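See structure below.
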Amino acid sequence: MRVLAALTLAASLTAQIRFDEVAIKAGVSFKLANAAAGNYHQIELMPGGVAVLDYNGDGCMDIYFTNGAAQPSLQKSAPEYSNRLFRNNCDMTFTDVTEKAGVAGEGYSMGVAIGDYNNDGFPDIFVTGVNRNILYRNRGDGTFEDVTAKAGLEGLDRRYGRMWSLAAGWFDYDNDGYLDLFVTNYVAWDPAKEPVCGTAVQRLYCHPSAYAGRPHQLFHNNGNGTFTDVSEKSGIAASLGKGMGVAFADFNGDGLMDVFVANDSIRNFLFQNKGKGTFEEVGLMTGVALNEDGRAVASMGADFRDFDNDGHPDVIVAAMINDTYPLFRNTGAPPWFEDWTVRSGLSLLTRQLTGWSVGLFDFDNDGWKDLFASNAHFPALSQYLGVPSALPNSVFRNMGGGKFHDVSRDAGQGLRPASQYRGSAFADFDGDGRVDVVVSALNDPAHLLHNVTPAAGHWLAVKLQGTKSNRDGLGAQVEVTLPNGKQLYNHATTSVGYASASEPLVRFGLGAQTSAKLIRIRWPSGEIDDMKDVKPDRILTVKEGSSPSTGR
6 MRVLAALTLA ASLTAQIRFD EVAIKAGVSF KLANAAAGNY HQIELMPGGV AVLDYNGDGC
66 MDIYFTNGAA QPSLQKSAPE YSNRLFRNNC DMTFTDVTEK AGVAGEGYSM GVAIGDYNND
126 GFPDIFVTGV NRNILYRNRG DGTFEDVTAK AGLEGLDRRY GRMWSLAAGW FDYDNDGYLD
186 LFVTNYVAWD PAKEPVCGTA VQRLYCHPSA YAGRPHQLFH NNGNGTFTDV SEKSGIAASL
246 GKGMGVAFAD FNGDGLMDVF VANDSIRNFL FQNKGKGTFE EVGLMTGVAL NEDGRAVASM
306 GADFRDFDND GHPDVIVAAM INDTYPLFRN TGAPPWFEDW TVRSGLSLLT RQLTGWSVGL
366 FDFDNDGWKD LFASNAHFPA LSQYLGVPSA LPNSVFRNMG GGKFHDVSRD AGQGLRPASQ
426 YRGSAFADFD GDGRVDVVVS ALNDPAHLLH NVTPAAGHWL AVKLQGTKSN RDGLGAQVEV
486 TLPNGKQLYN HATTSVGYAS ASEPLVRFGL GAQTSAKLIR IRWPSGEIDD MKDVKPDRIL
546 TVKEGSSPST GR
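Here this note's numbering is used: the first residue of the sequence shown is 6, the next is one more, and so on.
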C-alpha cells in the first residue's frame, strides 16, 4: 500500500508548478519602503499591498503598488517612496505611468482595493493608509481623479476620528447593483504616545496587545458617486478588531455576500449578511474565530474560496510562526466550518513559517486550487527565533481529497530568495492561461513571478459584465460542469490576501478536459445564465442576461 501511495503521489506531481522571476526583465522596478529610522513605530511593520487592474481597458492587467512613504510626523514623502502604477504593454513588459495617471498618493499608504464603483467600465482604486484613505476615480482616459472628500471616504470615524486603515475590499452587500466598500482598521496609534517594547539593548516592535483595537467600517454606495458610513447602523462597528485582511463570499448560500476579517492576535470575525442592511458577527458560532485549540492566532492575509470543489467557500488565513496557516473547511451546514489544517497537511507544512498574504489559485490548471503564500518573520526577531527573519515564498499544490503538498523547492528560483515579503496579487499577465503572481517585499525590490508550469492543463476564464448586478459581477457564483461529470466552483472577487487586490476574472483549470459541458453563473441580482459546450483555453466574456434566465 505504501508503494502504491508513493507511485500515486509521484504521478500526480508530473505537472510541476514552476515560476520564473521576471521583474527586472519586465521593467517592474519597485521597492517597498517603510521609512523606518530606528524608532520602532508600529506602522513600519505593515506596508504594503499590491493590486492588479486593467486601468486602461486594453485587456492586459496592470500593477499598482502602495508604499510606506513619509510617516505622519515627518515631512512630505520623497518621490521614491510614492505609490506606483505600472502599465502592462501586453508583451510581458511594463511602463511606469504613475505621474501621468496621477496616482502617486500622499502620506503613509498601506493597502489597496480595486472595483468599478460607478459602473462606467473602468476600475477605480481605493488606497488605505495611516490617518488618510484615498479614492481615485478612473476617468477612462488613462488618468485618475482624487475624489475622496467628494465621495465621503476620508477614513474618519464618528467616535474615534482618523483611523489607521489597513485593508479594504469592494462588494455589493445589498445587491442593488453598486459596489459598497468595507475597510478594516488596525489599532489606535499615535507616534507621540508610542509604547516602548523590548530591552534597553534591543528595542522591538510591540505586540498588538499593547494597542487598543478599532471598529471596522462599512460604506454604502449611494449610486451617485458618494458613500454613506453605515458601520454602526449595519452592526459592523459593534465589534472592535485589529483587522489585517478581509475577504468576501456567500458562506451559507443565501444569495448575500458575507465578510471574513482576519484579526491580529484576537479572534477573527465573520460578519453574516442578514439582509436589509444588517450584519451579525458569527465567527465563534461558525468556527472561524479561533483555531481548533481554541486559541486566537496572529491572522494576517486571507482568502475565502472553495478549495475542495464541494460548492462551499472555505477560509484560509496566513498567520505567525507556530500558529500554522489555519484552513477552515465549510461543511455546507451549521455550524458551518471545521478546522481542516491538520488533515490538509498545512499544519506541519506551515508551522515554522510566518505568512502575510495567501491566495487560492489553480497554478497548474488541474482543476484544484493551489495555495500561494508570501512569507516573512517579523524584523528583529531573528535573535530570539534562532532563524533569519527573511523567508522565501511558498507554493502548496492541492492534491485533491483535501490535501496539500509543498512544491516550493522545485517551483523555480523566483520563489527561493528570502526577503520580508508582504502583499501579493494574482493575474494572468501574458494571456497564456497560467496565473502569475506579483509580490511586494519590505525594503527590497518587488518580485514578478511568471508562471511557466509545463504540461499545465486546459483552462477557462470568465469575464463578467453585470447589467442588473454591479458591472464587474463581483459576488457572482460560477459553476463549471466538465464532460467527465466533475464540478468546479469559484466566485468573482478582487479582495484576496494581505491588503491586496487580484484580477476580477473567474478562473478554472480544466485538466485534460477539452470543453466545459455547462457553465452556470448565478449573478448577485438573482439572474442565472447558462452556457453549454464551451471550448477551453480562452477568456469567455458573459453579459448578464445573455442566456435565458431561470431566476434564483
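Backbone N, C-alpha and C fix where the C-beta goes; we use that ideal spot for every residue, glycine too.
Note that this is a predicted model, so its numbers are computed, not measured.
Reduced DSSP category for E199 - H, G, I as helix; E, B as strand; rest coil: Position 194 of the sequence shown, counting from 1, holds the residue named residue 199. In the structure shown, E199 sits in coil (DSSP, three-state: anything other than H, G, I, E or B).
Which residues DSSP lists as bridging F333, in chain order: Taking the first residue of the sequence shown as 1, we reach residue 333 at position 328. According to DSSP, F333 bridges with V320, D344.
Euclidean distance between Cα positions of G316 and V483: Walking along the sequence shown from the start, residue 316 turns up at place 311. Walking along the sequence shown from the start, residue 483 turns up at place 478. One C-alpha to the other measures close to 10 Å.
Same chain, Cβ closer than 7 Å to A156, five either side skipped, listed in chain order: Within the sequence shown, the letter at position 151 stands for residue 156. Excluding the 5 residues flanking it on each side, A156 has same chain C-beta neighbours closer than 7 Å at L140, G230, T231, F232, in chain order.
Where A40 falls: helix, strand or coil (DSSP): As a first step, residue 40 must be located in the sequence shown, where it is residue number 35. In this structure, A40 counts as coil in the three-state DSSP scheme.
Burial state of C65 (16 or more Cβ within 10 Å): Start at 1 with the first residue of the sequence shown, and residue 65 comes out as number 60. C65 comes out buried.
Residue interval of the alpha helix (DSSP H) (run including M290): Counting from 1 along the sequence shown, the entry for residue 290 is found at position 285. Unbroken alpha helix (DSSP H) run through M290: 288 to 291.
For N93 and F434, believed in contact at Cβ under 8 Å, the rounded distance: Position 429 of the sequence shown, counting from 1, holds the residue named residue 434. Position 88 of the sequence shown, counting from 1, holds the residue named residue 93. The Cβ separation is near 6 Å, so the contact holds.
Stretch pair the stretch 197 to 212 + the stretch 32 to 51: three plus CB contacts closer than 8 Å: For the pair of segments examined, the stretch 197 to 212 was found to touch the stretch 32 to 51: the number of CB pairs separated by less than 8 Å reaches three.
Of the listed residues L184, G248, Y60, nearest to P128 (C-alpha basis): Locating residue 128 in the sequence shown gives position 123, where the first residue counts as 1. Checking every option, the nearest Cα to that of P128 belongs to Y60.
Extent of the continuous beta strand (DSSP E) run through I533: Counting from one through the sequence shown, the residue named residue 533 turns up at place 528. Per DSSP, I533 belongs to the beta strand (DSSP E) from 533 to 539.
Straight-line gap, M290 to P340 (C-alpha atoms, nearest Å): Here the question's residue 290 lines up with position 285 in the sequence shown. Here the question's residue 340 lines up with position 335 in the sequence shown. For M290 and P340, the gap between their C-alpha atoms comes out near 7 Å.
Buried/exposed call for P541, threshold 16 Cβ in 10 Å: Indexing the sequence shown from 1 puts residue 541 at position 536. Answer is buried; the Cβ neighbour count reaches 16.
Beta-bridge partners of E26, as assigned by DSSP: Numbered from its first residue, the sequence shown carries residue 26 at position 21. Beta-bridge pairing links E26 to L454.
Status (buried if at least 16 other CB within 10 Å, exposed otherwise) for G280: As a working note, residue 280 is residue 275 in the sequence shown. Counting other Cβ atoms within 10 Å of its Cβ, G280 stays below 16 and is therefore classed as exposed.
Where P331 falls, given that 16 or more other Cβ within 10 Å makes a residue buried: The residue given as residue 331 occupies position 326 in the sequence shown. Taking all protein chains in view, the Cβ of P331 is crowded by 16 or more other Cβ atoms within 10 Å, so the residue is classified as buried.
6 Å CB neighbourhood of K548 in its chain, flanking five on each side removed: Position 543 of the sequence shown holds residue 548. These residues qualify, in order along the chain: Q470.
As assigned by DSSP and simplified to three states, the class of T153: Translated into positions along the sequence shown, residue 153 becomes position 148. When secondary structure is reduced to three states using DSSP, T153 falls in the helix class.
Unbroken alpha helix (DSSP H) run spanning T103, endpoints: Position 98 of the sequence shown, counted from the first residue, corresponds to residue 103. Residues 103 to 106.
Three-state secondary structure (DSSP) of G126: The count along the sequence shown starts at 1 and reaches residue 126 at position 121. In the structure shown, the three-state DSSP call for G126 is coil.
In chain order, each beta strand (DSSP E) run of at least 3 residues that lies wholly inside the stretch 500 to 532: If we require 3 residues or more, the beta strand (DSSP E) runs fully inside the stretch 500 to 532 come out as 511 to 516, 521 to 527.
Nearest candidate by alpha-carbon position, reference F309, set T359, V266, E150, S413: Stepping through the sequence shown from its first residue, residue 309 is reached at position 304. It is V266 whose Cα lies nearest to the Cα of F309.
Straight-line Cα distance separating G337 from K36: Position 31 of the sequence shown holds residue 36. Position 332 of the sequence shown holds residue 337. In a straight line, the C-alpha of K36 is about 43 Å away from that of G337.
Contact under 8 Å by Cβ, V322 with S304: By one-based count along the sequence shown, residue 322 stands at place 317. By one-based count along the sequence shown, residue 304 stands at place 299. Taking the C-beta atoms as reference points, S304 is found nearer than 8 Å to V322.
C-alpha gap between Q80 and V363, whole angstroms: Within the sequence shown, the letter at position 75 stands for residue 80. Within the sequence shown, the letter at position 358 stands for residue 363. For Q80, the pLDDT reaches just 42, beneath the cut-off of 50, and the residue's location in the model is therefore unreliable, although a value from the coordinates is still provided. Going by the C-alpha atoms only, they are around 34 Å apart.
Residues near L275 in its chain [Cβ-Cβ closer than 6 Å; skip 5 each side]: Along the sequence shown, one-based indexing puts residue 275 at 270. Closer than 6 Å at Cβ, skipping near neighbours: F265, V287, G288, T291, V293.
CA-to-CA distance, I271 to R300, given in whole angstroms: As a working note, residue 300 is residue 295 in the sequence shown. As a working note, residue 271 is residue 266 in the sequence shown. Per the coordinates, the alpha-carbon of R300 lies some 9 Å from the alpha-carbon of I271.
Span of the beta strand (DSSP E), counted from its first residue to its last, around E484: Within the sequence shown, residue 484 is the residue found at index 479, counting from 1. It spans 482 to 486 - the beta strand (DSSP E) in which E484 sits, taken as one unbroken run.
Residue from A56, N380, N403 with nearest C-alpha to A395: Counting from 1 along the sequence shown, the entry for residue 395 is found at position 390. Measuring from the Cα of A395, the nearest candidate turns out to be N380.
Cut-off 8 Å between Cβ atoms - residues of its own chain near R23, not counting five sequence neighbours on either side: Against the sequence shown, residue 23 aligns to sequence position 18. Beyond the five residues adjoining it in sequence on each side, R23 comes within less than 8 Å, by CB distance, of D415, A416, G417, N456, V457, T458, P459 in the same chain, given in chain order.
Whole-angstrom distance between L295 and D344, CA atom to CA atom: Here residue 344 is taken as the residue at index 339 of the sequence shown, counted from 1. Here residue 295 is taken as the residue at index 290 of the sequence shown, counted from 1. Computed Cα separation, rounded: 9 Å.
The stretch 143 to 157 contacting the stretch 24 to 33, beta-carbon criterion three pairs below 8 Å: By the C-beta criterion, the stretch 143 to 157 is judged not to be in contact with the stretch 24 to 33, since fewer than 3 inter-stretch pairs fall below 8 Å.
Exposure of T204, with buried meaning 16 or more beta-carbon neighbours within 10 Å: Along the sequence shown, one-based indexing puts residue 204 at 199. T204 counts as exposed, since fewer than 16 other C-beta atoms from the protein chains shown sit within 10 angstroms of its C-beta.
Of the listed residues H212, C211, R208, G246, nearest to G218 (C-alpha basis): In the sequence shown, the residue the question calls residue 218 occupies position 213. Answer by Cα proximity: G246.
Sufficient close CB pairs (3 or more, under 8 Å) joining the stretch 207 to 216 to the stretch 173 to 189: No, because fewer than three Cβ pairs between the stretch 207 to 216 and the stretch 173 to 189 fall closer than 8 Å, the two stretches do not touch.
Host alpha helix (DSSP H) of T355 (start-end): In the sequence shown, residue 355 corresponds to position 350, counting from 1. Start and end: 351 to 355.
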